[in-house]
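Chains as they are written, first to last, in the numbering used here: chain B, 1 to 157; chain G, 158 to 964.
Worksheet: one structure, shown below.
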Amino acid sequence: MTSTKELITLRVNGERRTVAAEPHHTLLEVLREELDLTGTKHGCELGECGACTVLVNGAPVLSCLTLPSLIGDADVTTVEGLATGERLHPLQIAFAEEGAAQCGYCTPGMLMAAKALLDATPRPTHEQIAMAISGNLCRCTGYTAIYEAIEKAALRS
Amino acid sequence: MSEFSVIGRRLPKVNSWAHLTGQARYADDLFLPRMLYGRLLRSTRPHARIRRLDVSRAAAHPGVVAIVTGADMPAKMGIMPSTQDETALAVDKVRYVGEPVAAVAAVDEDTAFDALSLIDIDYEDLEPIFTIEEALEREDVKIHDESKRANVFKEVHLSFGDLDGGFASADHVRDDWFFFEGNTHAPIESHSAVASYGGDDKLTLWTATQVPHYLHRELEKVLGLPRSRIRVIATPNGGAFGGKSDPFGHEFAAALLSIRTRRPVKITLDREEVFYAHRGRHPVKMRIRTGVKKDGEITAVHYQSWLDGGAYASYGIATTYYTGALLTVTYRIPAYKFDGVRVYTNKPPCGPKRGHGTTQPRYGFECQLDKIAQDLGLDALEYRKRILQPPQSRTINELRITSMGLGDCLDALGRATRYSERHGQLGRGRGIGIAGSAYISGAGLPIYWNEMPHSGAEIRIDRGGGVTVMCGAAEIGQGSDNMLASVAAEALGILPSDVHVVSGDTSLAPVDLGSYSSRVTFMAGNAVKDAAMKLRALLFAAASEKLGTPVDRLVAAYHRIYDPLDPETFVTFADAAVLAESKHGTLVAAGSYKPPKGIGGSFKGAGVGPTPAYSYQAAVAEVSVDLETGTLIVDKVTTAHDCGRALNPANVEGQIEGSAYMGYGEIIAEEQVFRGGLHKKPSLLDYKLPTSLDTPALEAIVVESVDAEGPFGAKEAGEGPLNPVIPAIANAVYDAIGVRFDETPITPEKILDALGKRDNRGIPKTRIGPDGLADRDGDPKRARRRLDASTEGRDSRGAPPPGPRST
Numbered sequence: 001m002t003s004t005k006e007l008i009t010l011r012v013n014g015e016r017r018t019v020a021a022e023p024h025h026t027l028l029e030v031l032r033e034e035l036d037l038t039g040t041k042h043g044c045e046l047g048e049c050g051a052c053t054v055l056v057n058g059a060p061v062l063s064c065l066t067l068p069s070l071i072g073d074a075d076v077t078t079v080e081g082l083a084t085g086e087r088l089h090p091l092q093i094a095f096a097e098e099g100a101a102q103c104g105y106c107t108p109g110m111l112m113a114a115k116a117l118l119d120a121t122p123r124p125t126h127e128q129i130a131m132a133i134s135g136n137l138c139r140c141t142g143y144t145a146i147y148e149a150i151e152k153a154a155l156r157s
Numbered sequence: 158m159s160e161f162s163v164i165g166r167r168l169p170k171v172n173s174w175a176h177l178t179g180q181a182r183y184a185d186d187l188f189l190p191r192m193l194y195g196r197l198l199r200s201t202r203p204h205a206r207i208r209r210l211d212v213s214r215a216a217a218h219p220g221v222v223a224i225v226t227g228a229d230m231p232a233k234m235g236i237m238p239s240t241q242d243e244t245a246l247a248v249d250k251v252r253y254v255g256e257p258v259a260a261v262a263a264v265d266e267d268t269a270f271d272a273l274s275l276i277d278i279d280y281e282d283l284e285p286i287f288t289i290e291e292a293l294e295r296e297d298v299k300i301h302d303e304s305k306r307a308n309v310f311k312e313v314h315l316s317f318g319d320l321d322g323g324f325a326s327a328d329h330v331r332d333d334w335f336f337f338e339g340n341t342h343a344p345i346e347s348h349s350a351v352a353s354y355g356g357d358d359k360l361t362l363w364t365a366t367q368v369p370h371y372l373h374r375e376l377e378k379v380l381g382l383p384r385s386r387i388r389v390i391a392t393p394n395g396g397a398f399g400g401k402s403d404p405f406g407h408e409f410a411a412a413l414l415s416i417r418t419r420r421p422v423k424i425t426l427d428r429e430e431v432f433y434a435h436r437g438r439h440p441v442k443m444r445i446r447t448g449v450k451k452d453g454e455i456t457a458v459h460y461q462s463w464l465d466g467g468a469y470a471s472y473g474i475a476t477t478y479y480t481g482a483l484l485t486v487t488y489r490i491p492a493y494k495f496d497g498v499r500v501y502t503n504k505p506p507c508g509p510k511r512g513h514g515t516t517q518p519r520y521g522f523e524c525q526l527d528k529i530a531q532d533l534g535l536d537a538l539e540y541r542k543r544i545l546q547p548p549q550s551r552t553i554n555e556l557r558i559t560s561m562g563l564g565d566c567l568d569a570l571g572r573a574t575r576y577s578e579r580h581g582q583l584g585r586g587r588g589i590g591i592a593g594s595a596y597i598s599g600a601g602l603p604i605y606w607n608e609m610p611h612s613g614a615e616i617r618i619d620r621g622g623g624v625t626v627m628c629g630a631a632e633i634g635q636g637s638d639n640m641l642a643s644v645a646a647e648a649l650g651i652l653p654s655d656v657h658v659v660s661g662d663t664s665l666a667p668v669d670l671g672s673y674s675s676r677v678t679f680m681a682g683n684a685v686k687d688a689a690m691k692l693r694a695l696l697f698a699a700a701s702e703k704l705g706t707p708v709d710r711l712v713a714a715y716h717r718i719y720d721p722l723d724p725e726t727f728v729t730f731a732d733a734a735v736l737a738e739s740k741h742g743t744l745v746a747a748g749s750y751k752p753p754k755g756i757g758g759s760f761k762g763a764g765v766g767p768t769p770a771y772s773y774q775a776a777v778a779e780v781s782v783d784l785e786t787g788t789l790i791v792d793k794v795t796t797a798h799d800c801g802r803a804l805n806p807a808n809v810e811g812q813i814e815g816s817a818y819m820g821y822g823e824i825i826a827e828e829q830v831f832r833g834g835l836h837k838k839p840s841l842l843d844y845k846l847p848t849s850l851d852t853p854a855l856e857a858i859v860v861e862s863v864d865a866e867g868p869f870g871a872k873e874a875g876e877g878p879l880n881p882v883i884p885a886i887a888n889a890v891y892d893a894i895g896v897r898f899d900e901t902p903i904t905p906e907k908i909l910d911a912l913g914k915r916d917n918r919g920i921p922k923t924r925i926g927p928d929g930l931a932d933r934d935g936d937p938k939r940a941r942r943r944l945d946a947s948t949e950g951r952d953s954r955g956a957p958p959p960g961p962r963s964t
């Protein structure tokens, strides 16, 4: 357990944060364990489930396969950064209304994948939604309510 | 206008906002001061004696704080008190690859992981048993010494009515074999537990469990700590589906490591460990003989099942009975015999998965009904309607039927899918299939014998009009917290979002037996309603006095108590609370629920099957089969489900859609299969959960039969809707290509095999499936062929021969 921690500076949800972390620890681990941002979930830590999806410069990435040192000064957005102050993101409201979060565990990653989609494609087709969330496994909903929520949020944005 | 102000509305779940903002605290999200991290050493052998287990090198590793092994917790435990055959960590012997053997706590997870490789363990390999057939035959190999016959865990035989007479009076008898492959829950959240033993000599365990109360009992037994000094808190489960309803080794290990170190200890399983923790769907071989008259009326059913239980009991005794218990509640069966055998094998233990034990027989039976309809030239939808078990009746195995909406489900499907017009008319490669099903709204008996309530709830109203509901039910994503809040809110005339819910906490909330057997809405819902109606009476008495209106004319809605004939004269909920507390003292009420007596029989084995109310459901699947590649595309699944009353239609639809999704995964791809005891696909990539691109269009139709005993008429919605989806898809595949798939899953390889296209010499088949059990006809060669027909049999040929290996 010889510590080889190094200082890492990240810009997360608009805040610059410097923490000491093992250089082999992933962005997922650093977010959860060093920055207390436990909203980002882990389902496999192998890049298979998408639960750990965050945005890096607006693009969805699997934080379990990303080393913080490779990110540099990029903007990282997690589910905690989705709402603006008191104002929830339209996706959050639509997910609640449609019952698109059952157990809620895939939800943070699903929301980030959906946000990346809507930011790039404000009026996505059903097929575009299916493709955008195809890397995010949900075991509860059968995806039906998730489609409805994303479509609803798109109409409101 | 609805008679309700909350029930029946599509309100967001009360816990949605925590989920959607990242604020929900799952077990692995807990970080406590001075917390240690634990990892489990797991067996690499399917069946072996532990000759030597030496942790001294690991204990000396810098950063390691404590290590525990099976010898530290030798007490037998297990979810069912009558079949406790496991220990928290293996003692002397391992029975499956992945069985936990020792646990290390260290200052960080990397250190704990490194220390595992420093534990010295020598195994003496024993011959493993991997198949049902071997388990039945091999008297010379005992996975558990207690097994009386070979490796049989449980054998049951039940007979009702005149079976011989029934078959004798039949015009047509079908005799079919089926095989349902095992599969697993694969919740996205892996199991996780955090234990903290405090200076006050009390243990708190936060854990992703569906059954905090049952775990509480087992912790007492294994740790030797009085239950009064243990608090179990079920954290929000990130999906469970039955997979978190056993007591698990890591929960005990975290607890004991915390007791030993006086520091909090967290153990979170990785994804591969979750596949080995399993407790999922049993592989089941089935033989079903059904006699019918010319018009299809059933005269007798003889159902036999052989369950591959894996290495330990889990819920296996209940699973075994469930394979036979519920076939009778959907269609009239005047004579019925059930034989069930569950065997031990050297694989991870099987247990309950959504539909627990009823999914496999329902698949076989509904496929067989499709064949009978075809044999007799009947429309499969109309046929089912004609033979329905009536409402307010008793089945031949003495189960009480109350509300029964299967006919309405079939009607709704007929309208929505035009099944009868389209079946047989879609052309080669396209098909449509139908199936029905039923499920329980909670098991009629608890897993340990007692006369206490199955569910308890407490409600407190504070002086500011705040309402807190406390109930032991575990929130596993099914929406139980929202259900508790909604039922209380409806009764008290407030909104669910006003209610604070304290759930799954053995210290703060009365016992609820747990989130299994789809019992929570019916049982915890009734308990909360009971408590809420007591408080409502106090509030109404106070309001009546203030308004001068008789109590029986008052209603409560939207934070007001008023006379509907004069709605502008009212007392607010908060004012009524102050008036009632002034008069009666602190406003607290408890409620409880216990199923009525007499809902099942009194014979041995009658404890599994009864429920206060059965849910009913049916599904229609539409499929396309690519005749060149064997690819099966399920275009759409429409499921109609009788949930009694939809307390929140959005959530009920979500359960129906999620069930359809999970059933779809089971029939097209998912399988928990092993090679030499090693899981062949212990990752989410290889196991192949359906993604958004795979999942068919799912339509949910809510049917409301308004059950007289359910809370506001509600029954279950979480499990039943899975069951009909699987046979509906198999029946649709038959409609598409004329091949009966009497085994799951229906993979492209099997379809190509059936079409005779797997190799150039192939001969097209009309059926894929088993044709018997090895030990039934005494022909060893045929037995071998049948064995090879099972996935495990195919694999064992390629696996290295088991033999002594040493480390």
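Each residue gets a CB set at the ideal place from its N, CA and C atoms; glycine is no exception.
Counted within 10 angstroms of its Cβ, other Cβ atoms place residue i as buried (16 or more) or exposed
i      : result
G/I920 : exposed
G/G935 : Here G/G935 scores only 42 on pLDDT, less than 50, and its place in the model should not be relied on; the value that follows carries that caveat. With fewer than 16 other Cβ atoms within 10 Å, it is exposed.
G/P518 : buried
G/K938 : In this prediction, G/K938 scores a pLDDT of 42, lower than 50, which makes its location untrustworthy; the coordinate-derived value is nonetheless stated afterwards. Exposed, because fewer than 16 other Cβ atoms sit within 10 Å of the Cβ of G/K938.
G/V657 : The amino acid occupying residue 657 of chain G in the given sequence is His; Val does not appear at that position. So G/H657 ends up on the exposed side.
G/D403 : buried
G/E873 : buried
B/E34  : buried
G/N394 : buried
B/R156 : exposed
Residues bridged to residue i [DSSP beta-bridge criterion]
i      : result
G/I591 : G/V777
G/N340 : G/R438
G/S316 : G/K494
G/I445 : G/D333, G/Y460
B/P197 : Because chain B here runs from 1 to 157, residue 197 of chain B falls outside it and cannot be looked at.
Extent of the continuous beta strand (DSSP E) run through residue i
i      : result
G/Q461 : 455-465
G/G473 : Premise fails: G/G473 lies in the alpha helix (DSSP H), 473-482, not in any beta strand (DSSP E).
G/L426 : No beta strand (DSSP E) holds G/L426; DSSP gives it neither H nor E.
G/P257 : 257-263
G/S612 : 612-618
DSSP state of residue i mapped onto helix, strand, coil
i      : result
G/L944 : Unreliable positioning characterises G/L944 in this predicted model, as indicated by a pLDDT of 38, which lies under 50. The coordinate reading is nonetheless provided below. Here G/L944 sits in helix by DSSP.
G/K703 : helix
G/S953 : With a pLDDT of 45 at G/S953, under the threshold of 50, the modelled position of that residue is not reliable, and the figure given next carries that caveat. Residue state, collapsed to three classes: helix.
G/T678 : helix
B/E15  : strand
G/F409 : helix
B/C49  : coil
G/H657 : strand
G/H836 : strand
G/K542 : helix
G/H370 : helix
B/T84  : strand
Cβ separation of residue i and residue j, assumed to be a contact under 8 Å, to the nearest whole Å
i      : j      : result
G/P238 : G/N503 : About 25 Å; that fails the 8 Å criterion.
G/I589 : G/R579 : 5 Å
G/T796 : G/I813 : 5 Å
Where the alpha helix (DSSP H) through residue i begins and ends
i      : result
G/W174 : 173-178
B/E98  : 90-98
Any non-hydrogen atom of the ligand ADP closer than 7 Å to residue i Cβ
i      : result
G/S173 : Ligands displayed in this structure: none; no statement on the ligand ADP is therefore possible.
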